[in-house]
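These protein sequence lines map, in sequence, to chains A and B. First residue of the first sequence? That's 2 in my numbering, and the numbers climb one at a time after it. First residue of the second sequence? That's 5 in my numbering, and the numbers climb one at a time after it. For each residue, glycine too, the CB sits at the ideal point set by N, CA and C. These notes are about the structure you will find just below.
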Amino acid sequence: MSGHDSHAHAGGHDEHKHTSMQTYLGVAAVLTVLTIIEIGPLFEWYNLGPVPLIVLSIVKFALVVFVFMHLGPDEPIYKKIFIPSLLLAGLMVTVMMLLFGTMTRSEQLAYKGPVLGYVAAPPPKVETPEGEAGSHGEPGAGGEQVAAAPAVDGGEVFKTNCVACHGPEAKGGVGPNLTDAEWKNGSGTLADIEATINNGVAGTAMISWTPLLGADKVKAVSQYVHSLGGGK
Amino acid sequence: MSSDHSNVSVHEHPPPSFGVPNLKLAFWLFLASDCMLFGSLIATYLSYRGKDQLFGNGPYPLDLFSVEVTTISTFDLLMSSVTMVLAVAAIQRGNMFQTRLWLGLTALLGAIFVGFQGYEFTHFYLEGLKLQGNLFGSTFYVLTGFHGTHVTLGVVWLLLVLATTFTKHKGMVTHLNVEVAGLYWHFVDIVWIVIFTLVYLMEYTV
């Protein structure tokens with residue numbers, strides 16, 4: 002191994018800068034302790050906010066990179082290659098966060114809006130494990146707000162057919178907002194809403210829906226729209 | 005002065021232009037690009053995080069995550085980084101027995117991690133989390149799947165190095181080669197440190 006070894010040592014100064022076994026094992030112990038601190042909230046020993054968790058992960062990350070990967074004692078060229086890319090990746094994540102946001106746990110739990118979907122299929126039923134259900138804010142709970150006719154679920158009909166123009170929360174898009182008291186066509190009574198859905202509105206994207214949906218679904222979705230807040 | 009040395013000692017390889025081994029330099033460049041890969045996958049995951057809630061389209065992370073599995077696999081991967089460090093230290097001392105021992109243990113711990121991920125993916129799939137089912141499914145499977153693929157490749161790499169030490173080519177298993185395999189292995193570990201925090205731990209914050 003002589004030829005290769007001297008090659009490895011040629012520029013790396015490995016022999017002068019190699020890390021001692023005590024350092025490795027010390028860092029391993031620190032990493033273990035930090036990980037034990039991190040998993041505390043998993044087992045509900047205590048709570049940690051996002052900031053301490055991110056700080057802990059940065060410390061662990063740095064320990065592995067600088068000690069285990071020798072980036073600290075090694076030649077500066079490796080730092081010049083790796084650290085800017087790492088910062089660039091971090092910057093990209095940050096910019097994406099600022100542009101699109103992320104739903105924090107508290108925002109998710111606080112979300113009380115109507116649960117409407119872009120998806121046609123109903124959400125798959127998942128058995129929530131015992132005990133976790135309460136802490137989760139019950140995903141299905143919003144579905145009960147949907148005023149459904151017994152046979153046909155107007156909310157489902159809305160999800161499948163109407164959200165493209167009226168938006169997932171029926172707050173408008175290409176088509177008008179259906180949750181406020183202003184009505185472009187008719188006065189907002191159940192009969193008027195049903196008439197608009199039945200006949201369509203000439204010159205707009207609002208087609209006559211009865212041929213597509215049938216009378217039952219039109220009735221159901223009319224009741225649903227009427228229940229959204231603007232109905233009279 | 006160091007570049008003089010390298011020019012003298014290197015016969016089969018072109019002289020290193022930066023005064024460091026070309027292999028290691030190239031490998032750090034690869035790791036730098038891999039940072040961008042995982043950076044984009046993590047950014048995507050976080051951008052869509054929690055937004056299934058807006059559409060009532062589960063299953064959601066807390067319906068599925070198992071704290072025991074996550075904890076065990078996290079410690080498993082962390083310990084594999086320690087055994088990897090010991091393997092690099094052993095080859096540096098020229099101790100072939102310990103090199104083999106620690107390389108083998110690292111590969112074993114890596115394989116256990118992949119096994120846990122296989123269990124996790126199967127369990128999640130059967131609970132209704134599909135790749136194309138919702139935002140969480142798509143972003144979770146792609147992010148952790150890319151990481152799991154990295155771990156799997158790392159296990160194969162380590163086993164190849166280990167196997168080479170038993171052949172007549174064992175002279176190829178140099179400190180440099182084991183060190184570079186170690187760089188890859190530690191990188192996979194630090195990516196998991198980030199995924200563990202942002203994907204798993206964040207769900208348990210208040």
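Close to chain A, meaning a Cβ-Cβ distance shorter than 7 angstroms, are the following residues of the segment 178 to 202 of chain B: T178, H179, L180, L187, H190, D193, I194, I197, V198, T201. Using a CB distance below 8 angstroms, the part of the segment 93 to 114 of chain B facing chain A consists of A93, Q96, G98, ordered along the chain. The Cβ neighbour count for R53/B, taken over all protein chains shown within 10 Å, is at least 16; the residue is labelled buried. Of the candidates M207/A, G215/A, G102/A, G215/A places its Cα closest to the Cα of G155/A.
In this structure, the alpha-carbon of L33/B lies about 7 angstroms from that of F83/A. Remark: C-beta atoms of S77/B and F22/B do not approach each other more closely than 9 angstroms. Taking a contact to require three or more Cβ pairs closer than 8 angstroms, the segment 88 to 99 of chain B and the segment 115 to 131 of chain B do not qualify as touching. Here the segment 20 to 35 of chain A makes no contact with the segment 170 to 178 of chain B; the two share fewer than three CB pairs at distances below 8 angstroms. In the structure shown, the three-state DSSP call for N26/B is helix. By the 16-neighbour rule on beta-carbons within 10 angstroms, I37/A is exposed. By the criterion of a C-beta distance shorter than 6 angstroms, V155/B is surrounded in its chain by G114, F117, V118, V192, once the five residues flanking it on both sides are discounted. Separation of P63/B and E170/A (C-alpha to C-alpha, rounded to the nearest whole angstrom) is 20 angstroms. In the structure shown, the three-state DSSP call for Y204/B is helix. Put simply, of S142/B, L187/B, Y145/B the residue whose alpha carbon is nearest the alpha carbon of W161/B is L187/B.
Within the segment 19 to 85 of chain B, the complete alpha helix (DSSP H) segments of 4 residues or longer fall at 26 to 52, 56 to 59, 65 to 68, listed in chain order. Here DSSP, grouped into helix, strand and coil, assigns F170/B to coil. At least one CB atom of chain A sits nearer than 9 angstroms to the CB of L90/B.
In summary, the residues of the segment 160 to 180 of chain B whose CB is separated from some CB of chain A by less than 7 angstroms are G175, T178, H179, L180, in the order they occur in the chain. At a cut-off of 9 angstroms between beta carbons, F101/A contacts chain B.
DSSP places M93/A inside the alpha helix (DSSP H), whose first and last residues are 77 to 101.
No Cβ-Cβ contact shorter than 9 angstroms links G201/A with D193/A. Counting along the chain, the unbroken alpha helix (DSSP H) around W189/B starts and ends at 179 to 199. DSSP places V153/A in no alpha helix (DSSP H); its state is neither H nor E. Per the C-alpha coordinates, the member of L100/A, K61/A, L99/A, I198/A positioned closest to F159/A is I198/A.
At least 9 angstroms separates the beta-carbon of A111/B from that of L180/B.
V71/B places its beta carbon 9 angstroms or farther from that of L57/A.
Secondary structure of P177/A (DSSP, three-state): coil. With respect to V65/A, S37/B sits apart: the two C-beta atoms are not nearer than 9 angstroms.
Scanning chain A for C-beta atoms nearer than 7 angstroms to the C-beta of Y208/B yields P42, L43, reported in chain order.
DSSP, reduced to helix, strand and coil, places S107/A within a helical segment of the structure shown. By the Cβ-count criterion, D75/A is buried, with 16 or more other Cβ atoms from all chains shown falling within 10 Å of its own Cβ. Under the three-state reduction of DSSP output, E45/A falls in the coil class, being neither helix nor strand.
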